[in-house]
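**Student:** Residue numbers (the working numbering), protein chains in the order written: chain A, 163 to 366; chain D, 163 to 366; chain G, 163 to 366.
Ideal Cβ placement from N, Cα and C applies to all residues, glycine included.
Since the structure is predicted, the reported quantities are computational estimates derived from the model, not experimental observations.
And the structure:
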């Protein structure tokens, strides 16, 4: 029961809410809402566990993940009328989810002895895969392809995590610092409408 | 060579036929028909084996699965003109497939010592994943999202399986009872046009 | 550091270039171009490693694959104006990729003791999966479904590989012979506009 475990449960619940919000916005039925919430919440960790060979995948071995998803989805359904201003609430929970999952994925990569670049890629995939699947199933163009800053925030967060680990022993400082960086990058990107430079300026 | 093994082969062949029917309805070429049949038949078991870490996946280690798919697909192609009334034939083979795969997935979950809720989820995924992939590749909205009763039948079947296991030692009773429940739920759903209640009645 | 290892790196780079070309043709931003290049290059091997249980997947354990992808993508981006005649350049790199990946996948199947039919299927999947994912993410109908000769070339190549292995001990002869067969089949298919016979001639 490390702090990382509780963070993982919180991230799972946050992603479940983000998935439920998108699904309800698409007016899916209750069962469909739960499926989308589950896939969003469990997708990134499932991908991470498969790629790294940590099988059976995490959510199969610990029922608490399933409980977190069921409870979070129920809360989202019950309070759906109060959550009507979808985009801001969605952004909040989505950001909590990617902040936490970036840390967990990167940490697992570091502990498995992967090259830092691979650990960063693993953290980014863990954070992004659930949302990509959610968007594909709901027939949206994945948000990560529309606003690549989404993925950049994960990469910056994962690098921050690796750097902080060199300087601090206190895991709380590392976790909180990394999560704050991810949230800050996304907020700045939204506030200033940042996006990556394009190279098609040649009017090709 | 347990009864479950023969059921698995039968379910694989039934799903292959269901996949071939959908592919021929989309007028795919012979190679495309085989690919869709293969994905439909092998998809659920592949997903189950990956998630639970039973690797290499089952159909790679036992050539009989491949033979079952090739023979079933050939039969579907040869008799394609007699199978013209697609929807009823399709429903039959699809139902046999999901009935059997629900049992096998749930059983594997129970034997692996997973929580009952996880075993039910595993059985449902095993039964549904092949059909979802078939529908996505054929550019249909997955049937499971249009008629979520499809998944409900699996869940009810998986629960039946777990309950029957507590009361009977005879595996045949358990298998047949579970399969009949899945088929009955689907038939009732079609006959009475059952669907889950929606919660958007608030005209939102 | 077997010859197969160097071939694998070359095939990875070739597929990365093919992915980058498609992505730039869709005018994706630099980050999107890299993601598509990565998925195209790493997709087939990832699928192969997951199905056969060789986990963690190859590219996580050896940073050279990531370097090959980064360098190849950068080259494709830098020379994008010179590569303007997309389809011919694309065909070249795509063919190199599928030729090499077919060999590697089939060889892994043989060494794992799989049935020849399964080894052929594994080689074909290894060669095709990256391209299928590339096309789906770029919103094209996968080329493999439009021109199934794509997959036929892999299957013919994989069979050639198995046959040559019976008669030659020199791996170079086997590798080069197999790759040439794959390239020849694809070139012939393009030159003569070959395609599989259809069976819908009954005007159904």
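Tell me where the alpha helix (DSSP H) around residue 176 of chain G begins and ends.
**Tutor:** 165-187
**Student:** Round the Cβ separation of residue 204 of chain G and residue 194 of chain G to the nearest angstrom and send it over; I've been treating them as touching at under 8 Å.
**Tutor:** At roughly 16 Å, the Cβ-Cβ gap does not stay under 8 Å, so residue 204 of chain G and residue 194 of chain G are not in contact.
**Student:** Would you tell me roughly how many angstroms separate the C-alpha atoms of residue 281 of chain A and residue 353 of chain D, rounded to the nearest one?
**Tutor:** 53 Å
**Student:** Can you give the Cα-Cα distance for residue 256 of chain G and residue 171 of chain G, rounded to whole angstroms?
**Tutor:** If I take the Cα positions, the gap works out to 14 Å.
**Student:** Starting from the C-beta of residue 176 of chain A, find all residues in its chain whose C-beta is less than 6 Å away, skip the five residues before and the five after it, and write them out in chain order.
**Tutor:** 255, 258 and 259
**Student:** Taking the beta carbon of residue 322 of chain A as the centre, do at least 16 other beta carbons fall within 10 Å, making it buried, or is it exposed?
**Tutor:** buried
**Student:** Do the region 229-243 of chain G and the region 197-216 of chain G touch if we need at least three Cβ pairs shorter than 8 Å?
**Tutor:** yes
**Student:** Quick check on residue 351 of chain D: does DSSP put it in helix, strand or coil?
**Tutor:** Looking at residue 351 of chain D - three-state DSSP - the assignment turns out to be helix.
**Student:** Taking 7 Å as the cut-off, decide whether the C-beta atoms of residue 336 of chain A and residue 326 of chain A are in contact.
**Tutor:** yes
**Student:** Hey, is residue 291 of chain A's beta-carbon within less than 7 Å of any beta-carbon in chain G?
**Tutor:** no
**Student:** In chain A, which residues lie with their C-beta within 8 Å of the C-beta of residue 165 of chain G?
**Tutor:** The premise fails here: residue 165 of chain G is roughly 24 Å from chain A at the closest Cβ pair, so nothing lies under 8 Å.
**Student:** Can you tell me the Cα-Cα spacing of residue 244 of chain A and residue 286 of chain G, whole angstroms?
**Tutor:** 51 Å
**Student:** Assign residue 243 of chain G to one of three DSSP states: helix, strand, or coil.
**Tutor:** coil
**Student:** For the region 172-197 of chain G, which residues have a beta carbon sitting closer than 7 Å to at least one beta carbon of chain A?
**Tutor:** Residues of the region 172-197 of chain G whose Cβ lies closer than 7 Å to any Cβ of chain A, in chain order: 189, 191, 192, 193 and 194.
**Student:** How is the alpha helix (DSSP H) around residue 297 of chain G delimited, first residue to last?
**Tutor:** 278-299
**Student:** Listing by chain order, which chain D residues have their CB less than 7 Å from the CB of residue 279 of chain G?
**Tutor:** 225 and 228
**Student:** So residue 213 of chain A is in the alpha helix (DSSP H); what residue range does that whole segment cover?
**Tutor:** Counting along the chain, the alpha helix (DSSP H) containing residue 213 of chain A begins and ends at 192-214.
**Student:** Can you say whether residue 149 of chain D is buried or exposed, counting buried as having 16 or more other CB atoms within 10 angstroms of its CB?
**Tutor:** Given a span of 163 to 366 for chain D in the structure shown, any question on residue 149 of chain D remains unanswerable.
**Student:** Between the region 287-294 of chain A and the region 207-221 of chain A, can you find at least three pairs of beta-carbon atoms closer than 8 Å?
**Tutor:** Three or more beta-carbon pairs separated by less than 8 Å link the region 207-221 of chain A to the region 287-294 of chain A, which places the two stretches in contact.
**Student:** Look at the alpha carbon of residue 183 of chain A and the alpha carbon of residue 169 of chain D, and state the distance between them as a whole number of angstroms.
**Tutor:** 40 Å
**Student:** Please state if the CB of residue 174 of chain D and the CB of residue 230 of chain D are separated by a distance shorter than 7 Å.
**Tutor:** Contact check for residue 230 of chain D against residue 174 of chain D passes: the beta carbons are separated by less than 7 Å.
**Student:** Indicate the three-state DSSP secondary structure (helix, strand or coil) for residue 275 of chain G in the structure shown.
**Tutor:** coil
**Student:** Quick one: list the residues of chain D neighbouring residue 214 of chain G, beta-carbon separation under 9 Å, in chain order.
**Tutor:** 217, 218, 219 and 222
**Student:** Suppose you measure from the CA of residue 365 of chain A to the CA of residue 242 of chain G; what does that come to, to the nearest Å?
**Tutor:** With a pLDDT of only 42 at residue 365 of chain A, under the threshold of 50, the placement of this residue in the model should not be trusted, and no figure is reported.
**Student:** According to the Cβ coordinates, are residue 261 of chain G and residue 341 of chain G closer than 7 Å?
**Tutor:** The answer is yes: Cβ separation under 7 Å.
**Student:** For residue 323 of chain A, decide whether its Cβ has a neighbour in chain G, counting only Cβ atoms nearer than 7 Å.
**Tutor:** no
**Student:** Measuring only the C-alpha atoms, how far is residue 284 of chain G from residue 334 of chain G?
**Tutor:** When only Cα atoms are considered, residue 284 of chain G and residue 334 of chain G end up about 21 Å apart.
**Student:** Between the alpha carbons of residue 187 of chain G and residue 249 of chain G, how many angstroms are there, rounded?
**Tutor:** 10 Å
**Student:** Helix, strand or coil for residue 328 of chain A? Go by DSSP, reduced to three states.
**Tutor:** helix
**Student:** Would residue 276 of chain A and residue 222 of chain G be called neighbours here (beta carbons separated by less than 7 Å)?
**Tutor:** For the 7 Å CB-CB criterion, residue 276 of chain A and residue 222 of chain G form a contact.
**Student:** Can you tell me whether DSSP reads residue 256 of chain D as helix, strand or coil?
**Tutor:** helix
**Student:** Looking at residue 340 of chain G and the ligand NAP, is the gap between the Cβ and the nearest heavy atom below 6 Å?
**Tutor:** Absence of the ligand NAP from the depicted structure is noted, as is the absence of any ligand whatsoever, leaving it without description.
**Student:** Using only CA atoms, which one of G/178, G/212 and G/315 lies nearest to residue 228 of chain G?
**Tutor:** G/178
**Student:** Measure the CB-CB distance between residue 344 of chain A and residue 315 of chain A and report whether it falls below 7 Å.
**Tutor:** yes
**Student:** Who are the near neighbours of residue 192 of chain G in its chain, counting only those whose CB is closer than 8 Å to its CB and skipping five residues on each side?
**Tutor:** For residue 192 of chain G, the CB contacts under 8 Å within the same chain, skipping 5 residues up- and downstream, are 239 in chain order.
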